[in-house]
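Q:
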Amino acid sequence: MTKKKRSIGVVLKRLFKWLLPLVVLMAGGILLYCWHLSSQIDQRFSGRRWRIPSKVFSDTTLLYPGQQINRSLFNEKLRRLGYRQFSRDPQNKGELYTSASVVKLFLHDLTLPSRHREGVPVRIRFTGNRIESITHLNTGEPMPILELEPEEVMLFFGPDREQRRLVSIDQVPQHVIDAVLAIEDSRFYQHKGLDPRGILRAMYTNLRHASIRQGGSTITQQLAKNYFLTPKRTLIRKLKELFMSLTIETMYEKNEILEIYLNEIYLGQKASVAVSGIGEASFFYFGKSVMDLSLNEAATIAGLIRGPNYYSPYIHKERCLKRRNMVLNAMYEKGWISDKELKTVLPLPIKTVGYESYGKIAPNFMDYLSDQLNVLYSPQDLSSLGLSIYTTLDSQVQMAAENALKRGLERLEKSNPALGRKDPKKRLQGALVVMQPKTGYILAMVGGRDYSLTQYNRITQARRQPGSAFKPFVYLSGLDKLTPASILSNEPATYEVDGKEWRPQNYAAMTVKRVSVRQALAESINLATVDLAMKVGLDQIVSTAKQFEFSTSLKPYPSIALGSFEVIPLELSRAYCVFAADGVLPYPLSLKEVLDENGKTLERRHMRIRQVTTPAKAFIMSSLLRSVVETGTAGSMRAMGISFPVGGKTGTTNDYRDAWFVGYTPDILALIWVGFDNNDSIFASGAGAALPIWVNLMNALPQYVSGDWFKMPPGVVQGIVCSESGQLALKNRCPHPVEEYFLAGHVPSDTCQIHTSESQIGRIIDELKGFINTF
Amino acid sequence: MNSKVLSIRSKSFLMVCILGLGWVFTGCAPAVLTPLPAEHPGEPRETEKTETTQEKISPRALAALQLTDQGRMYLEGGQPDDAIGILEQALNLNPTSGMNYYYLSEAWLMKGNIVQAAEFNRLAEIYFKDDSEWLHRLMQQRERIKKQKPL
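In structure tokens:
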């Protein structure tokens, strides 16, 4: 017995001798491993925790009494801004009531780089499409102007295609926290990362219900798994999760862990994009900030954590309702909500806000913007830094532009079957850009017919002959030597270019041999324009055109007068802005401001202008270009319903390869191009192919039509001239006197030489002779 | 038949002669597109009235004025960048407001960009040519621009 006892003692002694070092060794190993994990955790948590895609916003929308708007585009805009339609007056932010004559809106908060406005209820009263009044519903006071928030138009996703809005734990209401803890880890504040009681309770519950009702993982374990580990179910992974949880718990406060968890968890899928974190989920499911979530909504979101798509209120409403009730009951059992609260919320339905997949609105505009952003930020930064990028884009104009171009091209194909192509990539193409001429803001850009087929941006990348759309720059060059009333020759002439003969021709046969500068531009008369170019000097034309910063090559050949040198459409559009902007060339602006995730301005772009011609010359050019629309090649515009003053120019190139129209008012300018990428003929002129698209676009944008025209600047005078001679009209003698604009000091000094008394008698005699000769 | 035709032709010829002579002695009866001035035909004249002249301020101009005012307040608060942003909005809303140009010039002056300040000052003048009070302010601004060295 003693011997037996002794041998047990020896065994224990030996065991202890071997086991103790083993335990010490293991403990040391675990400590070392935890230390290793802590540096890994520290590295991950102390830096940027998540990749937040940068967001691109449109410009804000201004509304004011007296403004004409396109109701359907406006309603569409409200929907994209996340306003939800109700059949009662709006009571919460983002709610909307619409009738034929009234729109009541509970505005979202407006947060811009320079200002913040709390969301308030407003009433917009309409008469037809005209805003009669805007009223602040809380105060009853009229509002002279209302600014709608910018629209989120694009996100720069990284490879993981995740979207989240970060929230601080202080912003999360207690009932939201309670809902999450009740269903996921009710003893979160009691345990140290591992909860044996929780595991036992989960096992018991699951056995009792013979199904997986509860998980044993704590929030810290879930965080460790989501953040650092693969979803693979292995013992090693489970052990690693355990050690990591313990390490995290020793390194961070409970609230900090909870905050990371709430921002990390996957909570659903918006098409191909993962909705991560409670902040994004609040907007995705309920269209509101986490701070505004009700108990019902909080319980719904908490219930999603187990299986966001399995319990999705968008996909499985019943399942989602059951899960929400489970969360509410769990909250009640813990004593975190009262019996009354439970009974109030349980019968409530789950009302989701609805969503739209993240789309790429204005893809060509976004590409143009991205090119500028890529100079400032790497693609990695754009997809992770959570920048807010504010642009000049007006999504209503963009929608109208896309629609006008689509309809215009379809109309052309329908009217001429020869334009049809079987290969979608070879189809008739078009491009369009809309700018605000004074500031250079690009409101919309459509670089082609179908972005999904080809991303080639015909506004910024194409180089096309402008044809007659280039003529205004030729005429501008001549304003120092000639006046709008000067007479040009419209007779055929031969010019020598590089040793070869060049014989320009008019678009259509004309008998008239002398035309005024105004008529020549209005009717886009080639022979007269070349005559003007030769009078002015080709070098002078090139020099003037270069002032407009065309980046393409322009050479002093006579054909420059007819627009034979290629231009980039955006540059042509920008150049036309000069006429509408008192002679200043604006920089085409798409990017306005970039803010970091804390709202600090990183980059700011303002309008930049440079004078390239005088306000007086710009005004006269606008007056000449108005004649194009009033009496010239764009005269059909009036019949199409445009009654306000417009300046513009058509352009058609040889064999009808390109059709252009650039039209503007003091408020807006749009350039339209139609053609084939391979230079096939479109069998239509600028007036026939491009102009109707411009008209359709403007008819859809009444908010940009003020009906104003340009104010005559200093340096311009008016005089009455004879339309035949271009000289000062003689009272009661000249048959067609016209009032004309002149640069001060350029008014003709001679009186009409055609309609003097002597010449009148001579003319009568000539006419009589001619009459007699008919016998 | 032939004599009848000849008689019609003779009558027509006579009519043309009478009308022609009448035209010579009475002067042309032109289809005047725009009324001629009473004296000194064809002499240039400064015309002050344009199509944009408005007796009453339009709702659009009123709305733009709100933005201009906000821009002015930003300037007073020493925030030229914020002022420029909102004044550009005002300019897009009402491109014929001289005030926007004036304050834009002021904002660029505050930022030390005298080239842009001078450009906007020059543009403002177009819209204030009939307003002596604003013209005076513009001239003062111009002087300040001249005195300021670029930053």
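If you're matching them up, the sequences are chains Z and R in order.
For the first sequence, counting from 1, position 669 maps to 669 in the working numbering; every step adds exactly one.
For the second sequence, counting from 1, position 151 maps to 1151 in the working numbering; every step adds exactly one.
Beta carbons are placed, not taken as given, at the ideal position from N, Cα and C, and that holds for glycine.
None of these values were measured; they are calculated from a predicted model.
1) Report yes if the CB atom of residue 562 of chain Z is closer than 8 Å to the CB atom of residue 517 of chain Z, and no otherwise.
2) Given that residue 436 of chain Z touches chain R, what residues does it touch there, using C-beta distances under 7 Å?
3) Please determine if the segment 499 to 514 of chain Z and the segment 533 to 549 of chain Z are in contact, where contact requires at least 3 C-beta pairs separated by less than 8 Å.
4) So which residues on chain Z does residue 1096 of chain R lean against when the C-beta distance must stay under 7 Å?
5) From this set, Z:422, Z:565 and Z:390, which residue's C-alpha is nearest residue 474 of chain Z's C-alpha?
6) Just the C-alpha distance for residue 658 of chain Z and residue 453 of chain Z, rounded to the nearest angstrom, thanks.
7) If the cut is a Cβ gap below 8 Å, which residues of chain R does residue 584 of chain Z touch?
8) From residue 67 of chain Z to residue 1093 of chain R, what does the alpha carbon distance come to, in whole angstroms?
9) Please confirm whether residue 301 of chain Z and residue 285 of chain Z have their CB atoms less than 8 Å apart.
10) Going by alpha carbons, who is nearest to residue 371 of chain Z out of Z:156, Z:423 and Z:64?
11) Among Z:505, Z:540, Z:450 and Z:490, whose alpha-carbon lies nearest the alpha-carbon of residue 480 of chain Z?
12) How about residue 77 of chain Z and residue 395 of chain Z: are their beta carbons less than 8 Å apart?
13) Return the residue from the list Z:184, Z:51 and Z:195 that minimises the CA-CA distance to residue 379 of chain Z.
14) Using beta carbons (cut-off 8 Å, strictly below), is residue 64 of chain Z in contact with chain R?
15) Per DSSP, residue 659 of chain Z is paired with what?
16) Should residue 585 of chain Z and residue 594 of chain Z be called a contact, given that it needs their Cβ atoms to be closer than 8 Å?
17) Name the residue from R:1100, R:1112 and R:1058 whose alpha carbon lies nearest to the alpha carbon of residue 1126 of chain R.
18) Do you know offhand how far residue 524 of chain Z's Cα is from residue 505 of chain Z's?
19) Kindly give me the distance between the Cβ atoms of residue 704 of chain Z and residue 718 of chain Z, rounded to whole angstroms, as I take these residues to be in contact under 8 Å.
20) Is residue 364 of chain Z closer than 8 Å to residue 459 of chain Z when the C-beta atoms are compared?
21) Starting from residue 601 of chain Z, follow the beta strand (DSSP E) in both directions and report where the run begins and ends.
22) By the 10 Å Cβ neighbour count, where 16 or more other Cβ atoms means buried, how is residue 476 of chain Z classified, buried or exposed?
23) Just to confirm the assignment, what range does the alpha helix (DSSP H) spanning residue 541 of chain Z have?
24) So is residue 1145 of chain R buried or exposed if we call it buried at 16+ other beta carbons inside 10 Å?
25) Within the chosen definition, does the segment 94 to 113 of chain Z reach the segment 403 to 417 of chain Z through at least 3 CB pairs nearer than 8 Å?
26) Quick one: grab the DSSP three-state call for residue 772 of chain Z.
27) With distance defined between alpha-carbon atoms, name the residue in Z:171, Z:71 and Z:310 nearest to residue 99 of chain Z.
28) Nearest CA to the CA of residue 401 of chain Z: which residue from Z:693, Z:228, Z:28 and Z:101?
29) On the DSSP bridge list, what partners appear for residue 1128 of chain R?
30) For the segment 672 to 736 of chain Z, list the beta strand (DSSP E) runs that are entirely contained and at least 3 residues long, ordered along the chain.
31) Can you name the start and end residues of the beta strand (DSSP E) that residue 136 of chain Z belongs to?
32) Taking residue 1141 of chain R as the query, report the chain Z residues whose CB atoms sit under 8 Å from its CB, ordered along the chain.
33) Taking the C-alpha atoms as reference points, what is the distance between residue 298 of chain Z and residue 175 of chain Z?
34) Which of the three DSSP states, helix, strand or coil, is assigned to residue 781 of chain Z?
35) Give the range of the beta strand (DSSP E) segment to which residue 441 of chain Z is assigned.
36) Answer with yes or no whether the minimum CB distance from residue 604 of chain Z to chain R is below 8 Å.
A: Put simply:
1) no
2) 1092
3) no
4) 666, 708 and 711
5) Z:565
6) 21 Å
7) 1119 and 1123
8) 11 Å
9) yes
10) Z:156
11) Z:540
12) yes
13) Z:51
14) yes
15) Z:652 and Z:674
16) no
17) R:1100
18) 11 Å
19) Rounded, the Cβ-Cβ distance is 29 Å, inconsistent with contact.
20) yes
21) 601 to 604
22) buried
23) 538 to 547
24) buried
25) no
26) helix
27) Z:71
28) Z:693
29) For residue 1128 of chain R, which the question treats as bridged, DSSP gives no partner whatsoever.
30) 716 to 722
31) 130 to 136
32) Under the 8 Å cutoff, chain Z gives no residues; its nearest Cβ is about 17 Å from residue 1141 of chain R.
33) 7 Å
34) For chain Z, the structure presents residues 1 to 775; residue 781 of chain Z sits outside this window and is missing.
35) 441 to 446
36) yes
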